[in-house]
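Take a look at the structure set out below.
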Amino acid sequence: MALALAILIWAIVLASVVLFTGEFGWFPPQISAHGDAMDAQFNNTLVVVAIGFILAQVALGYYVWRYRDRAGGRVVYTHGNAKFEVATVLITAVTFVTLAIIGQRVWIDLHLEDMPEDAVQVEVTAQQFAWNFRYPGPDGQFGRTVPRLINDQLNPVGLDSGDPASKDDVVTLNRMAIPVNRDIRLTLRSKDVTHSFFVPAMRFKQDTTPGLAVPGHFKALKTGEYEIACAELCGLQHYKMKGFLMVMSDQEFEAWLKERAEF
Amino acid sequence: MSDSAHPVVHPAPTTFIRKWVFSTDHKIIGIQYYFLALIAVFTGLALSVLMRLRLAWPAESWPWLEKIFPLGFEGGVMSPEFYLAMLTMHGTIMVFFVLTTAPQGGFGNYFLPIQIGAHDMAFPVLNMLSFWVTFLSMGVMFAAFFVAGGAPISGWTAYAPLSALGEVAGPGLGSGQDLWIISIALFCVASLLGALNFITTVLNMRAKGMSLMKMPLTVWTWFTTAILALLSFPVLLAAGILLLLDRIGGTSFFIPAGLVVSDTVIESSGGSPILWQHLFWFFGHPEVYIAILPGMGVTSQLLATFARKPVFGYHAMVVAIFAIGMLGFFVWGHHMFVSGLSPFSALVFSILTLAIGVPSAIKTFNWLGTLWGGKIRLTTAMLFAIGFVSLFVSGGITGLFLGQTSVDVQLHDTYFPVAHFHMIMGVAAIFGILGATYYWFPKMFGRMLHEGLGKLHFWLTFAGVNAIFIPMHLMGIMGQLRRYAESTEFKFMEPLQPYQEFVTIAVFVTAAAQLLFLVNFFWGMFKGKKATENPWEATTLEWITASPPPHDNFGGRELVVHHGAYEYGVPGAPRDYVMQTDPPLESGK
Numbered sequence: 001m002a003l004a005l006a007i008l009i010w011a012i013v014l015a016s017v018v019l020f021t022g023e024f025g026w027f028p029p030q031i032s033a034h035g036d037a038m039d040a041q042f043n044n045t046l047v048v049v050a051i052g053f054i055l056a057q058v059a060l061g062y063y064v065w066r067y068r069d070r071a072g073g074r075v076v077y078t079h080g081n082a083k084f085e086v087a088t089v090l091i092t093a094v095t096f097v098t099l100a101i102i103g104q105r106v107w108i109d110l111h112l113e114d115m116p117e118d119a120v121q122v123e124v125t126a127q128q129f130a131w132n133f134r135y136p137g138p139d140g141q142f143g144r145t146v147p148r149l150i151n152d153q154l155n156p157v158g159l160d161s162g163d164p165a166s167k168d169d170v171v172t173l174n175r176m177a178i179p180v181n182r183d184i185r186l187t188l189r190s191k192d193v194t195h196s197f198f199v200p201a202m203r204f205k206q207d208t209t210p211g212l213a214v215p216g217h218f219k220a221l222k223t224g225e226y227e228i229a230c231a232e233l234c235g236l237q238h239y240k241m242k243g244f245l246m247v248m249s250d251q252e253f254e255a256w257l258k259e260r261a262e263f
Numbered sequence: 264m265s266d267s268a269h270p271v272v273h274p275a276p277t278t279f280i281r282k283w284v285f286s287t288d289h290k291i292i293g294i295q296y297y298f299l300a301l302i303a304v305f306t307g308l309a310l311s312v313l314m315r316l317r318l319a320w321p322a323e324s325w326p327w328l329e330k331i332f333p334l335g336f337e338g339g340v341m342s343p344e345f346y347l348a349m350l351t352m353h354g355t356i357m358v359f360f361v362l363t364t365a366p367q368g369g370f371g372n373y374f375l376p377i378q379i380g381a382h383d384m385a386f387p388v389l390n391m392l393s394f395w396v397t398f399l400s401m402g403v404m405f406a407a408f409f410v411a412g413g414a415p416i417s418g419w420t421a422y423a424p425l426s427a428l429g430e431v432a433g434p435g436l437g438s439g440q441d442l443w444i445i446s447i448a449l450f451c452v453a454s455l456l457g458a459l460n461f462i463t464t465v466l467n468m469r470a471k472g473m474s475l476m477k478m479p480l481t482v483w484t485w486f487t488t489a490i491l492a493l494l495s496f497p498v499l500l501a502a503g504i505l506l507l508l509d510r511i512g513g514t515s516f517f518i519p520a521g522l523v524v525s526d527t528v529i530e531s532s533g534g535s536p537i538l539w540q541h542l543f544w545f546f547g548h549p550e551v552y553i554a555i556l557p558g559m560g561v562t563s564q565l566l567a568t569f570a571r572k573p574v575f576g577y578h579a580m581v582v583a584i585f586a587i588g589m590l591g592f593f594v595w596g597h598h599m600f601v602s603g604l605s606p607f608s609a610l611v612f613s614i615l616t617l618a619i620g621v622p623s624a625i626k627t628f629n630w631l632g633t634l635w636g637g638k639i640r641l642t643t644a645m646l647f648a649i650g651f652v653s654l655f656v657s658g659g660i661t662g663l664f665l666g667q668t669s670v671d672v673q674l675h676d677t678y679f680p681v682a683h684f685h686m687i688m689g690v691a692a693i694f695g696i697l698g699a700t701y702y703w704f705p706k707m708f709g710r711m712l713h714e715g716l717g718k719l720h721f722w723l724t725f726a727g728v729n730a731i732f733i734p735m736h737l738m739g740i741m742g743q744l745r746r747y748a749e750s751t752e753f754k755f756m757e758p759l760q761p762y763q764e765f766v767t768i769a770v771f772v773t774a775a776a777q778l779l780f781l782v783n784f785f786w787g788m789f790k791g792k793k794a795t796e797n798p799w800e801a802t803t804l805e806w807i808t809a810s811p812p813p814h815d816n817f818g819g820r821e822l823v824v825h826h827g828a829y830e831y832g833v834p835g836a837p838r839d840y841v842m843q844t845d846p847p848l849e850s851g852k
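Just so you know, the sequences run in chain order G and B. FYI, in my numbering the residues of the first sequence are 1 to 263. FYI, in my numbering the residues of the second sequence are 264 to 852.
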């Protein structure tokens with residue numbers, strides 16, 4: 001039975017290795033400027049994790065079989081080994097903390113870097129169960145919004161027409177266009193409950209927390225249409241809360257925006 | 264330090280009600296907690312089977328299920344609100360009424376006093392009260408299934424403002440959510456009473472000679488768990504009361520100004536949804552260790568007993584238990600990396616989180632060290648303990664991904680964390696409970712469980728949980744989002760449907776295997792072979808008394824402890840184990 005247990009544990013290790021290295025699926029292809037660094041950090045961590053996982057499980061299986069109850073012989077009577085414990089602390093502490101520190105680079109890029117002045121501004125306003133996107137228009141200023149003016153059909157984000165800056169704001173539903181290779185500055189809001197703006201291909205996820213205007217930014221490197229999903233449980237149709245990120249050339253983007261401004 | 268020199272023995276109760284219902288005997292209370300958890304775990308399991316059904320075959324019609332759940336399966340297809348209600352109740356029932364209740368309330372209550380040589384808990388009436396408040400709490404929680412609108416759909420984390428706004432935000436968020444909050448508040452009170460009792464008992468009621476460093480590691484983990492409960496449950500209690508006030512008292516602790524739900528302006532101002540997350544996770548993260556620490560103690564105890572060796576690095580284990588428990592209070596922010604938390608504090612939470620890997624690695628290495636050079640007896644209990652080590656490694660190590668700010672961004676709220684926490688705080692903790700059951704059942708019920716049936720249960724369960732949760736990590740990497748009633752709406756989740764079906768089938772097999780356990784359990788209670796005093800040739804104090812122990816635990820004996828908890832294979836000793844109360848060996852050891 002000891003051998004059977006060892007084999008089962010090793011089989012689990014083998015199956016895991018095959019599953020994570022074979023052609024069984026992986027992250028969706030990524031198109032953002034920061035995504036490669038993020039995926040690389042995942043892969044670095046995967047190497048560390050794989051080493052720890054394989055060593056521990058293989059040793060566990062081996063010990064179970066090697067030290068099974070057999071006739072004769074005595075157990076090794078020991079209460080441990082202080083050097084061994086200290087070595088464990090040092091090796092794991094250095095490895096894990098190094099990993100944590102290296103992993104912060106992408107985070108800092110994503111959250112703490114200043115944005116260039118010419119970044120394209122988009123405001124995301126989530127609601128049960130749709131995405132509203134707002135562009136500031138030619139004046140570069142988002143107009144004032146007032147909650148009591150909100151009307152899902154006519155004025156989904158509650159634009160206040162009394163504010164001149166709101167006149168040229170463009171609001172779209174569930175379709176967010178952005179120009180390729182340009183910095184996009186995001187402001188994320190919610191009208192009702194907490195949602196989470198997740199674009200798998202962009203390696204971007206940020207909760208839209210009601211009451212907050214959370215800043216974010218990204219840059220897309222490839223044109224195309226990509227899905228936006230809600231990642232935070234927001235109610236009944238959480239699983240249907242879908243939008244599209246349309247990455248297009250600068251000219252296409254300008255035309256798209258103009259078309260909607262006239263509408 | 265010691266009361267046992269002058270034992271105050273309660274007279275044994277004579278009436279049925281005092282003996283079996285409103286009992287103050289820690290052993291009966293332990294069994295009551297265990298049975299409560301048993302009902303809860305099979306309820307929670309049934310809910311997960313229903314959820315898996317919808318995930319694998321979302322469009323399939325199940326007319327026979329409509330007969331059982333006419334509201335949830337209208338037209339035979341499970342409605343998304345029913346799915347979310349199942350999800351909320353599965354999580355809540357499992358976390359509170361199974362993982363918090365069985366290891367601590369069940370086994371802790373039964374064995375902590377016996378293992379330190381006490382005749383009962385420090386406050387027996389408080390102990391009785393804490394069980395009955397837990398019972399009431401579970402009754403209130405189960406009632407949420409039956410009120411108008413059904414059980415809440417806001418998840419076990421009950422994120423505000425979804426949980427704060429009432430029915431306008433979705434079905435089940437009316438009375439169902441109220442009952443949920445009241446139940447959790449009651450549970451917090453019960454846990455506090457229990458925690459006070461455990462801490463006082465360990466500090467004041469140890470038998471003569473039972474110094475802290477002679478205590479079994481199980482006692483250390485129950486003690487540490489009680490400290491965590493004492494410090495974390497009050498925070499959840501306060502948060503629950505605030506949430507209830509937001510719902511019925513017109514306050515806005517968690518509801519910000521200017522919300523518009525379905526075109527209705529909500530009259531509230533100034534609250535913070537993030538505050539709920541802080542309060543919830545300040546409880547929620549220590550809760551993970553409340554669930555898993557007792558399993559670590561049990562695993563250490565079982566590995567030493569059945570490898571016939573002392574625990575490798577006992578002192579390091581005690582330090583690691585405490586380090587895990589205390590560090591657990593400083594990492595709650597890693598649940599909130601993408602919540603809008605300050606990106607600076609995320610940096611700190613990330614490094615502290617990975618630091619928990621250090622004491623966790625020590626525990627793993629010491630468990631391997633305990634097996635090394637032993638003579639391993641593969642009883643069913645031992646199989647589950649070895650399974651625990653394997654699952655602890657698999658489930659714990661993926662925390663290295665999720666604890667990193669940048670890696671978490673993509674994985675957050677996918678199946679990857681679902682797989683991670685199920686593996687570690689779900690099934691590893693359950694393996695601790697099952698190992699403890701197979702080990703202590705003879706002491707609790709005076710009869711042995713069937714080993715053959717137990718082993719079959721182990722093989723199916725161990726293979727099953729790995730088949731369920733390892734592929735789920737990959738599904739998370741591919742982008743499968745959690746709390747989705749189905750994933751058919753998104754193209755990027757389309758390739759995942761075969762995986763959903765595979766996992767569901769694995770769940771069916773694993774869930775069915777748990778029936779073997781039920782059969783074994785009830786067969787064992789009435790028909791099992793009579794247990795001797797010490798069937799496993801173990802060293803700790805519960806094994807020097809009858810199975811089951813008499814009302815005062817040791818039949819009026821005065822105990823003097825001379826040895827550490829795990830003296831197996833001592834050279835020069837007359838047999839391969841030295842019980843804690845055996846006279847000192849001649850060598851002075």
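Backbone N, C-alpha and C fix where the C-beta goes; we use that ideal spot for every residue, glycine too.
- Within chain B, the C-beta atoms nearer than 7 Å to that of D69(G) come from K638, I639 and R640, in chain order.
- Among the CB atoms of chain B, one or more fall inside 9 Å of the CB of L46(G).
- Chain G places no beta carbon closer than 9 Å to that of F408(B), leaving this residue out of the contacts.
- In the structure shown, N44(G) adopts helical secondary structure according to DSSP, grouped into three states.
- Within the same chain, and ignoring the five residues on either side of H353(B) in sequence, the residues whose Cβ sits closer than 6 Å to its Cβ are G307, L310 and S311.
- Per DSSP, P557(B) is not a residue of any beta strand (DSSP E); the alpha helix (DSSP H) it occupies stretches across P536 to A570.
- Comparing alpha-carbon positions, the option among S32(G), D109(G), V64(G) and F142(G) lying closest to V124(G) turns out to be F142(G).
- A distance below 7 Å between beta-carbons, with the five flanking residues on each side excluded, links L566(B) to the following residues of its chain, in chain order: W630, T633, L634 and A648.
- Taking C-beta separations shorter than 7 Å and ignoring five residues to either side along the sequence, the partners of G596(B) in its chain run L604, S608, A609 and F612, following chain order.
- Chain B has a Cβ within less than 9 Å of the Cβ of L112(G).
- DSSP assignment within the segment 318-389 of chain B yields the following whole alpha helix (DSSP H) runs of 4 residues or more, N-terminal first: 326-331, 343-355 and 372-378.
- At a cut-off of 9 Å, the C-beta of I768(B) has no neighbouring C-beta in chain G.
- Residues P28, P29, Q30, I31 and Y226 of the same chain have their beta carbon placed closer than 7 Å to that of A201(G), with the five preceding and five following residues left out of the count.
- Close partners of L310(B) in chain G (Cβ separation under 8 Å) are lacking, with about 16 Å as the shortest Cβ gap.
- For the set E232(G), W256(G) and A261(G), the Cα lying nearest the Cα of R746(B) is the one of E232(G).
- Bridge pairing for R70(G): absent [DSSP].
- Burial is judged here by how many other beta carbons sit within 10 angstroms of a residue's own beta carbon; F298(B) has fewer than 16 and is exposed.
- Within 10 angstroms of the beta-carbon of K290(B) lie 16 or more other beta-carbons, which makes it buried.
- In the same chain as A411(B), and ignoring 5 residues on each side of it, the C-beta atoms closer than 8 Å to its own belong to G437 and S438, in chain order.
- Nearest Cα to F408(B) within the set A385(B), A624(B), A432(B) and D441(B): D441(B).
- T568(B) and S454(B) do not touch by the CB rule: their CB atoms are close to 29 Å apart, not below 8 Å.
- Chain G places a beta carbon closer than 9 Å to that of V523(B), counting this residue as a contact.
- Residues of the same chain with a CB within less than 6 Å of the CB of V304(B), apart from the 5 flanking positions on each side, are V361 in chain order.
- Burial check for S563(B): the Cβ neighbour count within 10 Å reaches 16 or more, so the residue is buried.
- Comparing alpha-carbon positions, the option among F244(G), V86(G) and M38(G) lying closest to R175(G) turns out to be F244(G).
- With 16 or more other Cβ atoms from the protein chains shown falling within 10 Å of its own Cβ, S810(B) counts as buried.
- Using a Cβ-Cβ distance cut-off of 8 Å, the segment 540-559 of chain B and the segment 692-707 of chain B are in contact, since at least three pairs of beta carbons, one from each stretch, lie closer than that value.
- Distances from the alpha-carbon of M468(B) to those of V452(B), F486(B) and C451(B) put F486(B) closest.
- Listed along chain G are G25, W26, F27 and P28, each with a C-beta nearer than 8 Å to that of M741(B).
- Taking the Cα positions, P734(B) is about 8 Å away from V766(B).
- According to the DSSP assignment, N132(G) belongs to the beta strand (DSSP E) that extends over A130 to Y135.
- Note on geometry: alpha-carbon atoms of G662(B) and Y678(B) lie some 13 Å from one another.
- The alpha carbon of H675(B) has as its nearest neighbour, out of M246(G), K205(G), H79(G) and A4(G), the alpha carbon of K205(G).
- Under the 8 Å Cβ criterion, the segment 369-382 of chain B counts as touching the segment 791-806 of chain B, having at least three qualifying pairs.
- Using beta-carbon distances, I462(B) does not count as an interface residue toward chain G, since no partner is under 9 Å.
- Around S535(B), the beta-carbon contacts reaching into chain G at under 8 Å are G211.
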